[in-house]
Structures are given as structure tokens and as C-alpha cells.
Amino acid sequence: MSNKDCGNEGTCRTRLRGGLSGTQTLDQVLWFGFCGSPGTGSTTCDRVSDHLVSNVDVLFTPAGFELQFRLGPTLQGREVRVYTNYPTNGYKFNRLQFHPLDWVYPNSQKDDCDKYCRLDLTVAGSYQYYFSCGSEKVSGGYIVVDPVLRVGASNDILPLDRISSQTYLAKGLGPVDTWLSRIRVAKETGYNMIHFTPLQRLGSSGLCYSISDHLELNPAFSAGAKSCTWEDIGRLVETLRRDWNMICISDVVYDHTGRPGSHGGLMGGAAVCSRPAPSGPGP
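The sequence shown: position 17 = 16 (numbering that gives the first Met the number 0), numbered continuously.
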């Protein structure tokens, strides 16, 4: 179970309940709450979520919020530390490297009644956290920070739930100078995101996800003596974003490499690769 306590102003703190050795118990309570709104810098707690931690839990939040971890009544007076691999306080992101968060004491009395530790969620991505009592890890979970996507000359925010995506097989688009004419039909039919299959040089099979060189572009994007560069791709992506209000995404393939091939990859087919999800929070 999880409870949500709301004050007179309608603000709430959500309790995360996690048990020792993976079992739920009401004896270990860690609260968290959101403060502020994306891009406003507000300190008013105007968005919260009701959450329960068991073995692994996932918290989804937009970028631009402050996440606060607070002690519940049963944890006050105990030696509690909160750890995360979110890149903060000068730390660079490392999936396996966790660092402790400092406690903030609003009343300067160094007591447990209202102390909290905080994360300013400005970097989109998937992160982990856990908290410990003494030397024993109690519970934890994942924090997924959604990106803030901006389009148009005025950098308007494109909400994630309004994305309409069209996939293009990059190997069949031809020279990069012709891409706008090929993509225009997606723009005119209301799509606001273009998904490209990998743009790199393909292997001998010609499959869309069989990359033979992760640093070199597919030669099919070049025309005559003019070679297509990553800068050319960047300019096209920026044109789509600024002038057509469209954003672009592409796949990355890290777990295999295709055999080298001499052609630009005009054969059909596709391959999908995946890896197991993490088994749980903490180092």
C-alpha cells in the first residue's frame, strides 16, 4: 500500500514503502515529492505522484522538476543515506557508480523532522537510486527523466504525448540533398517526428541494422564527387526542427557489428537487437 498526505494548500508528499530483503513492510518509510514546474524555477510543490517501492519501482518525471527525498516517521533518528547514479554535483554519469546525496536542513537545526535531499532533474535519461539504513541497503528504484523537446523558430515545447512518428529506411533515401523532398509527404500529412534507421555504413548483408562502421556514413547518401558528412545530416535535422516543426530520432546499435561490404546497402530486410534489462537497483 501507499499513502498520500495532502496539506491545506493541496500539496502532497508521497511515501515510498520498501522492505528489507525484498519484503514489504510499513516499518521503513521514505517520502518523496516534486517541486516546481518545467522551465519555471518555481518552488511551489504543484506536482506529485503516489508511488510504492517493493523490489524495483520506476518513477517517471519530466525534466525541470526538483525531486525531494524525505524521511518518514519510522526512519527519523536513524542513519539513512540516499544514493543515485544521476549526474549531479560535478559527477559524470556512470551506470555503475553511485554517490550519496547531501541532506538539506531548512530550519538550520540539524534535526530529522523536515530535512530532505534533492535532485534537480535537468538531464533526461534513465537513472537509479536506493537508500540505506546504516550499512544495510533497504530499497530503491529507477528514475526516468523525460526529455523536453522543442521545435520551431521560437523553440516551442512539443509534448511527448503529441508525437506522431513516421519511420524511413535510411538506406533507401538516396543522396542527402534529396531527403527534404522525400520527407515532405510526412510533413504534409501531419507527422512531427521522423525516425531514421541507422545512418552508418552497412555490412555485406545490407540489413538496416547491420552496421559495419559506426563512425562512417552510408555512402549511398553521397552524390557524385560530393561526400555526405555528419555536418550535412546535422543541418538537415536542424532545418526539419526549425522550419518544419519536426524532430528526428535514430537507432543506435552497440551489441554487434556487420561484416564489411562494398555496396551502400540497397537490399531489403531488417534486424532487431536487444539486451536484458537491469535486474535491480543499486551497485
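Heads up, the beta-carbon is just placed ideally off N, CA and C, and yes, glycines get one too. A quick note: this is a predicted structure, and the numbers were derived from the prediction, not measured.
9 Å Cβ cutoff, residue i in contact with chain C
i	result
ASP231	You won't find chain C in this structure, because it holds only one protein chain.
According to DSSP, residues forming a beta bridge with residue i
i	result
ASP119	GLU65
SER131	ARG80, LYS136
MET192	SER164, ILE246
ASP155	VAL150
Residue i versus residue j: straight-line alpha-carbon distance, rounded
i	j	result
ASP231	GLU237	10 Å
ASP160	ARG234	26 Å
PHE220	GLY71	58 Å
THR166	LEU66	35 Å
PHE97	THR87	11 Å
THR22	ASP110	Note that THR22 scores 25 on pLDDT, short of 50, meaning its location in the model is unreliable; the coordinates nonetheless yield the value given after this. For THR22 and ASP110, the distance between alpha carbons rounds to 29 Å.
THR121	GLY173	37 Å
ASP242	ARG77	56 Å
LEU148	TYR104	34 Å
The ligand NAD heavy atom lying under 8 Å from the CB of residue i
i	result
ASP176	Among the components of this structure there are no ligands whatsoever, and the ligand NAD is therefore not found.
9 Å Cβ cutoff met for residue i and residue j
i	j	result
SER249	HIS213	no
GLY151	ASN217	no
SER209	HIS255	yes
VAL143	SER164	no
VAL175	PHE130	no
CYS207	LYS170	yes
PHE92	TYR82	no
LEU58	TYR190	no
SER211	PRO259	yes
CYS116	TRP102	yes
PRO197	VAL137	no
Environment of residue i [buried if 16+ CB atoms lie within 10 Å]
i	result
TYR253	exposed
LEU168	exposed
ILE182	buried
Where residue i sits in the DSSP three-state scheme
i	result
ASP145	strand
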